[in-house]
Amino acid sequence: MPIDATDTTFEQAVIQRSFEKPVVVDFWAEWCGPCRSLGPVIEKAVDDRGEAVELVKVDTDSNPRISQQYGIQSIPAVKAFKDGKVIDEFVGALPPAQVNRFLDRIVPSEADALVAEGGEANLRRALELEPSRIDAKVALARLVPREEALELLANATGFAAEGLAARLRLEEDPNLAEAFAAIDRGDVEPGIDTLIAAIPDSTGDQREDLRRAVVGILDELGVEHPVAREARRKLASSLY
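Our numbering puts the last residue of the sequence shown at 311; the count rises by one with no breaks.
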């Protein structure tokens, strides 16, 4: 059941509570037809998520101070709070599917929690719940034998998945396997340089796998990594 908050109780009911769990605030008024339409929709969506999120309702007519503080100019207006701050919001009476997507951005799904926790059993369970999750496939592929890992990544797209699949294939070459081992040890620059240096003399699938592997590594390092910018330049030179 939703909680009614006022100008006086908003700090405790919403701001302080949001440090314990996400709080969704529905700003509404009795005279507002769209508010009456949205109310049951958002209440059901929150109820469906059990204890993971809390719903608070604020009557804007009775509580002008808090409504003004949060810039409420049109209702219904919905704001999600976490750790004392607004993290997402929408205005208007959205249909159930859009309300559910809004809440999905705020409340981690069971699969989200399993992936965050990690471990083979959790990752397998996450993929049972959401078979298309690339992050779970990549994380699980790092834990299982090579053949199963390649099977997991067979239809997975994205830099991380394609890069890891390429690495698994390239590691059959002892020289390239040592380059990946160097990267894992923290010798990032020489490891990447070895992979890039192998590109000009490679052809076909191996050439593409080298590119994918390097791109995947650079994506994982991030643009701010001191090695990344120069490595991207070297990669471009080796390819073109």
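Cβ atoms here follow ideal geometry from the backbone N, Cα and C, with glycine treated the same way.
Subject >> Rounded separation between H296 and L289 - CA only >> reply: Looking up residue 296 in the sequence shown gives position 225. Looking up residue 289 in the sequence shown gives position 218. Approximately 9 Å, taken between the alpha carbons.
Original post:
By a C-beta neighbour count over all protein chains shown, 10 Å radius and 16 as the cutoff for buried, is D75 buried or exposed?
Top reply: Along the sequence shown, one-based indexing puts residue 75 at 4. The residue is exposed, with fewer than 16 neighbouring Cβ atoms inside 10 Å.
Original post:
How is A197 classed by DSSP in three states: helix, strand or coil?
Top reply: Here residue 197 refers to the residue found at position 126 of the sequence shown. A197 falls in the helix class under three-state DSSP.
Original post:
Taking just the CA atoms, how far does K305 sit from G262?
Top reply: In the sequence shown, residue 262 corresponds to position 191, counting from 1. In the sequence shown, residue 305 corresponds to position 234, counting from 1. About 13 Å.
Subject >> Beta-carbon proximity of G287 to A252, cut-off 7 Å >> reply: Here residue 287 refers to the residue found at position 216 of the sequence shown. Here residue 252 refers to the residue found at position 181 of the sequence shown. No, Cβ-Cβ distance for G287 and A252 is not below 7 Å.
Subject >> C-alpha gap between E219 and R238, whole angstroms >> reply: For the purposes of this step, residue 219 is taken as residue 148 along the sequence shown, with counting starting at 1. For the purposes of this step, residue 238 is taken as residue 167 along the sequence shown, with counting starting at 1. Distance between the alpha carbons of E219 and R238 is about 14 Å.
**OP:** Would you decide whether I158 is buried or exposed? Buried here means 16 or more other CB atoms lie within 10 Å of its CB.
**Re:** Counting from 1 along the sequence shown, the entry for residue 158 is found at position 87. Exposed, since its Cβ has fewer than 16 Cβ neighbours within 10 Å.
Original post:
Does the distance from the CB of L198 to the CB of A210 come in under 7 Å?
Top reply: The residue given as residue 198 occupies position 127 in the sequence shown. The residue given as residue 210 occupies position 139 in the sequence shown. Going by C-beta atoms, L198 is not nearer than 7 Å to A210.
Original post:
Who are the Cβ neighbours of A116 in its own chain at under 6 Å, not counting the five residues just before and after it?
Top reply: Counting from one through the sequence shown, the residue named residue 116 turns up at place 45. Counting only residues of its own chain and dropping the five nearest sequence neighbours on each side, A116 has a CB closer than 6 Å to the CB of V170, N171 and L174.
Original post:
alpha helix (DSSP H) containing A212: first to last residue?
Top reply: For the purposes of this step, residue 212 is taken as the residue at position 141 of the sequence shown. Its alpha helix (DSSP H) spans residues I205 to A212.
Original post:
Run through DSSP, which three-state label would I74 get?
Top reply: The residue given as residue 74 occupies position 3 in the sequence shown. The answer is strand: DSSP assigns I74 an E or B state.
**OP:** Verify whether the separation of the beta carbon atoms of V294 and L266 is less than 7 Å.
**Re:** As a working mapping, residue 294 is identified with position 223 in the sequence shown. As a working mapping, residue 266 is identified with position 195 in the sequence shown. Taking 7 Å as the Cβ cut-off, V294 and L266 do not qualify as a contacting pair.
Original post:
Is it the case that the CB of L223 approaches a heavy atom of the ligand SAM more closely than 6 Å?
Top reply: You won't find the ligand SAM in this model; it holds no ligand whatsoever.
**OP:** Identify every run of the beta strand (DSSP E) within the region 112-170, keeping only runs that are complete inside it and at least 3 residues long; order them along the chain.
**Re:** 125-130, 148-153 and 156-162
Subject >> Option nearest T131 by Cα separation, candidates V124, L235, A184 and V96 >> reply: On the sequence shown, residue 131 is found 60 positions in, with the first residue counted as 1. Nearest C-alpha to T131: V96.
**OP:** Would you mind reading off the limits of the alpha helix (DSSP H) that contains D183?
**Re:** Mapped onto the sequence shown, residue 183 falls at position 112. Residues E181 to E188.
Original post:
For F81, which residues does DSSP report across the bridge?
Top reply: Reading the sequence shown from its first residue, position 10 is the one you call residue 81. Looking at the DSSP output, F81 bridges to nothing.
Original post:
Rounded to the nearest angstrom, how far is the Cβ of I177 from that of V259, given a contact under 8 Å?
Top reply: Indexing the sequence shown from 1 puts residue 177 at position 106. Indexing the sequence shown from 1 puts residue 259 at position 188. Incorrect: roughly 36 Å between the Cβ atoms, too far for contact.
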